[in-house]
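S.K.:
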Amino acid sequence: MDLKKLLNEEQYEATTTVEGPLLILAGAGSGKTRVLTHRIAYMMKEMNIRPYEILAITFTNKAAGEMKERVRSLVGETADNMWISTFHSSCAKILRREIEALGYKKDFTIYDSYDQKSLMKQVLKELSVDEKDLTEKEAISHVSTAKNTLLNPVDFKKKYEYHFRMNKVADAYILYQKKLKQNNALDFDDIIMKTVEIFEKFPEILEKYQRKFRYVLVDEYQDTNHAQYRLINLLTKDHQNICVVGDDDQSIYQFRGADIRNILDFEMDFPDAKVVKLEKNYRSMGNILAAANSVIKNNRDRKEKTLKKTKDEGGKIKIYRAYDDFEEARFVVREMQRLYREGRNYKEMAVLYRTNAQSRKFEDILMQEAVPYKLIGGLKFYDRKEIKDLLAYLRLVNNPFDEVSLRRIINVPKRKIGNTTVEKLQENANHQGESLFDTIMNLEEYSLLAAGTQASVVKFREMILDFNEKQLEMKVSELVEYILKTSGYMKELETSKNPEDESRVENLEEFLNVVLEYEMKAEEPSLQEFLESVMLVSDVDQYNEADDSVTLMTLHSAKGLEFPVVFMVGLENGLFPSASCLTDPNEMEEARRLAYVGITRAMEELYMTYAENRMVFGRMVSYPVSDFILDIPSNIKEHLNEEKKVHHRDVNPHTIKYKDKNMKYVDYNVEKALEDAKKILDFPDKKVLGQEDVVPGAKVKHPKFGVGTVVATADAKGDLKVTIAFDNQGIKNLMLSIAPLELA
DNA sequence: TACGCCCCAGTTTTT
DNA sequence: CTGGGGCGTA
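Quick note: the first sequence, position 497, residue 550 per the working numbering, numbers continuous.
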């Protein structure tokens, strides 16, 4: 294998630097997967590193699967002994072995966001927290942030001792965590946090994994949160064989706790780190790259770099103004059909949007026009009611302490066990300090219920116990069929008059296929493993390019993928970037990165569309054209129809028009509203000054030092050192990025 | 206990 | 506009 022929100079260096910390800053389309896979192959072939000594972490299961496939094609079957998976899958695997150290059982259940919500609801009810004071959504979000930053309930409580509201959150966090443990369940964040907890509390366990994973690789490093960072740090701090790949410009998950400092500070954490930049883009035509660069360069908080093209300019970026969202969809589909007639395959095209709600219009038209399409995300298959019901049965069989699942199906199908009964049982369980299932097991000891109701509960209990026994002798697929039949669930759907229930039956059949497929693939199929795989898949994982259909997905889901033709739709200030971005510079920067990710998905052709009128919540609203379109220089874009004059920057891009209930247009000017608010609250206007603003002679104002004149500037490692002669305070040296300066 | 009607919140983004 | 949840009634 002649790597030097296969790789460019930087790629070669990144591939062959195996020992010690390595940061690969890989711009979009710069061949980082190529580097990662060849690097793994190089490690094994040239350096005799064993596959089981390597831990490679990716962002999605799909990325993991692809990487595994590509590594396998380079080194053969031995690739199967390597851990290539997501943070969550790897940690779940570790926890299945080690979690007993923390007092959980190995057959723990993984709770998704719906389960979380229902558990938190219980918690708030038990704490008698009024919904108006704290919703479960807020509580969950705070708990999640805490877990992502490794703040445990006790420390959380301490931290907010004197904070009335957060103190309530702290109590909720404590009880929530207690219930999770009682249910023998972990939420998504726990999967990472508990692994870290074990590593920190039990050095001998940590050592075991440090010895095992002598080489660690992390992809999409810019999207790791603090807990994940800590995990990697613990594993690698001794041998320091850590290779991370990331691109600060593609960090789009800060809303979920991803901490960009992990990448910006890597060199500080590992002083000996080698840094390799991959800046040559092999994916996109020149104009597409130029467009991406012209959008992202507006961000201040980034490592300076520019993607370099390897292809020629290609066509211009095509901009289309639609009358409304309906017409936008019609245009896109028409264009797709045209491209298809010209010889493109449908699978070469993708529609990327900001929110899942936008997919509906496109689905409608695609269906109408009989264009094959694949929808990624939105209502996931596993999120459908009937699937969740069935999963609840399976989870309960697997782990009887799982109250969330128990409560979900105890009266589905109807068994005359209503809410009051469940509450009575739950109360008794809480009182006795046992699980809900225990109370049901010992039902006869307590006289809680009327005879008839008690009989119903006993019947339910016998059924679950029966499932439990059958689990031992049946395959998962057999168990699924048995449950659907014995519980009466299938029967209720089949005899229902509701037309929706017909498709529910189909979905359950589809689910059975998923199970059968799993049984074929798995080495040792088990209910436990099956459930875990279901909980940890995302929809992007389902994406495959086998059949010829166009792809519909959010910009977030598109990360890591590429398409010859990309339609970015809904480019309107208020939608993308969303309204909150227009007032919060940090959110705006993240939105810009998201735009950058979207643009760089395109290989050959890029369309950007916006609609003058759009249905939002059943109302017609009018947003102005997106800043992201305006950011692209005119010489590399073409308007497919006439531009709307009012949409120019010089008018005011931040005016939102909407129709009130009398169908009258009302203007809402975001900037003016903001100015008014500032006047009232007396906020200083914090316009960030750029380097171009701060030139010698410029008058500036500082809140503490007052008015002064810039006398000199000097470059300082990406920042600018500014020397200012203040009128009353003398001469000061300030760093531009931190000094709260404004023009005077 | 079961069912139907009404109200309201939701649209950022997901492992 | 849509779906879920809460509340009141049979």
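Every residue, glycine too, gets a C-beta built ideally from N, C-alpha and C.
1. Based on DSSP bridge pairs, tell me the residues matched to residue 610.
2. Would you check if the distance between the CB atom of residue 608 and the CB atom of residue 407 is smaller than 8 Å?
3. Go through its chain and collect everything with a Cβ distance to residue 376's Cβ below 8 Å, but skip five positions before and after it.
4. Assign residue 121 to buried or exposed, taking buried as 16 or more other Cβ atoms, counted over all protein chains shown, within 10 Å of its Cβ.
5. On the premise that residue 189 lies in contact with residue 177, defined as a C-beta separation below 8 Å, what is that separation, rounded to the nearest angstrom?
6. By how many angstroms is the C-alpha of residue 76 removed from the C-alpha of residue 66?
7. If you compare alpha carbons, which of 124, 70, 149, 89 is closest to residue 100?
8. Helix, strand or coil: how does DSSP classify residue 429 here?
9. Answer yes or no: do residue 384 and residue 450 have a C-beta to C-beta separation smaller than 8 Å?
10. Who are the Cβ neighbours of residue 819 in its own chain at under 8 Å, not counting the five residues just before and after it?
11. Is residue 474 helix, strand or coil when you go by DSSP?
12. Which complete beta strand (DSSP E) runs does the region 376-464 hold, if anything under 3 residues is left out?
13. If we ignore side chains and look at the alpha-carbon of each, how far apart do residue 249 and residue 266 end up?
14. Using the beta-carbon count (16 or more within 10 Å), is residue 325 buried or exposed?
15. According to the neighbour-count rule (16 or more other Cβ atoms, all chains shown, within 10 Å of its Cβ), is residue 365 buried or exposed?
16. Kindly identify the DSSP beta-bridge partner or partners of residue 795.
17. Only counting the same chain, and skipping five residues up and downstream in sequence, which positions put a Cβ closer than 8 Å to that of residue 703?
18. What is the rounded straight-line gap between the Cα of residue 462 and the Cα of residue 123?
19. Output the distance between the C-alpha atoms of residue 260 and residue 140, rounded to the nearest integer angstrom.
20. Indicate whether the contact test is met: 3 or more Cβ pairs, each with one atom in the region 433-442 and one in the region 508-523, closer than 8 Å.
21. Pick out whichever of 604, 195, 416, 373 has its Cα sitting closest to the Cα of residue 660.
22. Between the beta-carbon of residue 689 and the beta-carbon of residue 369, is there less than 8 Å?
23. Tell me residue 267's beta-bridge partners as DSSP assigns them.
24. Using 10 angstroms around the beta-carbon of residue 485, count the other beta-carbons present and answer buried if the total reaches 16, otherwise exposed.
25. Which same chain residues end up closer than 6 Å to residue 361 when comparing Cβ atoms and leaving out the 5 residues on each side of it in sequence?
26. Between the C-alpha atoms of residue 574 and residue 349, what's the straight-line distance to the nearest angstrom?
27. Which residues share a DSSP beta bridge with residue 96?
28. Which residues in the same chain as residue 164 place their Cβ atom closer than 6 Å to its Cβ, once the five residues preceding and following it in sequence are excluded?
29. DSSP three-state call for residue 627: helix, strand or coil?
30. Could you tell me whether the region 636-648 touches the region 440-456, where touching means 3 or more Cβ pairs closer than 8 Å?
31. If you count every other CB in all the chains shown that lies within 10 Å of the CB of residue 481, and 16 or more means buried, which is it?
32. Residue ranges of each alpha helix (DSSP H) run of no fewer than 4 residues wholly in the region 245-320, ordered along the chain?
33. What is the DSSP secondary structure of residue 676, reduced to helix, strand or coil?
34. Within the chosen definition, does the region 533-545 reach the region 554-564 through at least 3 CB pairs nearer than 8 Å?
35. Given the structure, does residue 545 come close to the ligand PLP, in the sense that its CB is under 7 Å from one of the ligand's heavy atoms?
36. With residue 578 and residue 625 assumed to form a contact (beta carbons below 8 Å), what rounded beta-carbon distance in angstroms separates them?
M.R.: Taking the geometry as given:
1. By one-based count along the first sequence, residue 610 stands at place 557. Residue pairing by DSSP places residue 610 opposite no residue, since no beta bridge is assigned to it.
2. The residue you call residue 608 lines up with position 555 of the first sequence. The residue you call residue 407 lines up with position 354 of the first sequence. Contact flag set, yes.
3. Looking up residue 376 in the first sequence gives position 323. Result list for residue 376: 664, 665, 666, in chain order.
4. Position 68 of the first sequence holds residue 121. By the neighbour-count rule (16 or more Cβ atoms within 10 Å), residue 121 is buried.
5. Here residue 177 refers to the residue found at position 124 of the first sequence. Here residue 189 refers to the residue found at position 136 of the first sequence. A Cβ-Cβ separation of about 6 Å places residue 177 in contact with residue 189 under the 8 Å criterion.
6. On the first sequence, residue 66 is found 13 positions in, with the first residue counted as 1. On the first sequence, residue 76 is found 23 positions in, with the first residue counted as 1. Near 11 Å, if we compare the C-alpha coordinates of residue 76 and residue 66.
7. Within the first sequence, numbered from 1, the residue matching residue 100 stands at position 47. Minimum Cα distance to residue 100 is reached at 70.
8. Taking the first residue of the first sequence as 1, we reach residue 429 at position 376. Residue 429 falls in the coil class under three-state DSSP.
9. Along the first sequence, read from residue 1 onward, the residue named residue 384 stands at position 331. Along the first sequence, read from residue 1 onward, the residue named residue 450 stands at position 397. Cβ distance not < 8 Å, so residue 384 and residue 450 don't count as in contact.
10. As shown, the chain starts at 54 and ends at 797. That puts residue 819 outside it, with no answer to give.
11. Position 421 of the first sequence holds residue 474. DSSP places residue 474 in helix when its eight states are reduced to three.
12. Counting only unbroken stretches of 3 or more residues, the beta strand (DSSP E) elements lying wholly within the region 376-464 are 402-406, 426-428, in sequence order.
13. Residue numbering aside, residue 249 sits at position 196 when the first sequence is read from its first letter. Residue numbering aside, residue 266 sits at position 213 when the first sequence is read from its first letter. Taking the straight line from one Cα to the other gives about 15 Å.
14. Counted from its first residue, the first sequence places residue 325 at position 272. Exposed: under 16 other Cβ atoms inside 10 Å.
15. One-based indexing of the first sequence puts residue 365 at position 312. The residue in question, residue 365, is exposed, as its Cβ has fewer than 16 Cβ neighbours within 10 Å.
16. In the first sequence, counting from the first residue as 1, residue 795 sits at position 742. In the DSSP output, where bridge partners are listed per residue, residue 795 has 754.
17. Here residue 703 corresponds to residue number 650 of the first sequence, with the count starting at 1. At residue 703 the pLDDT is 35, less than 50, meaning the model places this residue with poor confidence; the figure from the coordinates comes in the next sentence. For residue 703, there are no CB contacts under 8 Å within the same chain when 5 residues up- and downstream are skipped.
18. Looking up residue 462 in the first sequence gives position 409. Looking up residue 123 in the first sequence gives position 70. Going by the C-alpha atoms only, they are around 43 Å apart.
19. Translated into the one-based positions of the first sequence, residue 260 becomes position 207. Translated into the one-based positions of the first sequence, residue 140 becomes position 87. When rounded, the distance between both Cα atoms is 19 Å.
20. no
21. If you number the first sequence from 1, residue 660 lands on position 607. The shortest C-alpha separation from residue 660 is found at 373.
22. Within the first sequence, numbered from 1, the residue matching residue 689 stands at position 636. Within the first sequence, numbered from 1, the residue matching residue 369 stands at position 316. It is a contact, given that the beta carbons lie within the stated cut-off.
23. Translated into the one-based positions of the first sequence, residue 267 becomes position 214. In the DSSP output, where bridge partners are listed per residue, residue 267 has none listed.
24. Taking the first sequence and counting its residues from 1, the one referred to as residue 485 is at position 432. It counts as exposed.
25. As a first step, residue 361 must be located in the first sequence, where it is residue number 308. Correct list, in chain order: 332, 333.
26. Taking the first residue of the first sequence as 1, we reach residue 574 at position 521. Taking the first residue of the first sequence as 1, we reach residue 349 at position 296. CA-CA distance, residue 574 to residue 349, rounds to 43 Å.
27. Along the first sequence, one-based indexing puts residue 96 at 43. Beta-bridge pairing links residue 96 to no other residue.
28. Here residue 164 refers to the residue found at position 111 when the first sequence is read from its first residue. Hits under 6 Å: 238, 240.
29. To locate residue 627, count along the first sequence from 1; it is residue 574. Residue state for residue 627 is assigned as strand, using DSSP reduced to three classes.
30. Under the Cβ criterion (8 Å, minimum of three pairs), the region 636-648 does not count as touching the region 440-456.
31. Counted from its first residue, the first sequence places residue 481 at position 428. With 16 or more other Cβ atoms within 10 Å, it is buried.
32. DSSP runs (the alpha helix (DSSP H)) wholly in the region 245-320: 256-265, 279-289, 314-317.
33. Mapped onto the first sequence, residue 676 falls at position 623. Coil, per DSSP.
34. yes
35. Ligands in the displayed structure: none, and consequently the ligand PLP is not present.
36. As a position in the first sequence, residue 578 is number 525, starting the count at 1. As a position in the first sequence, residue 625 is number 572, starting the count at 1. Not confirmed; about 48 Å, so no contact.
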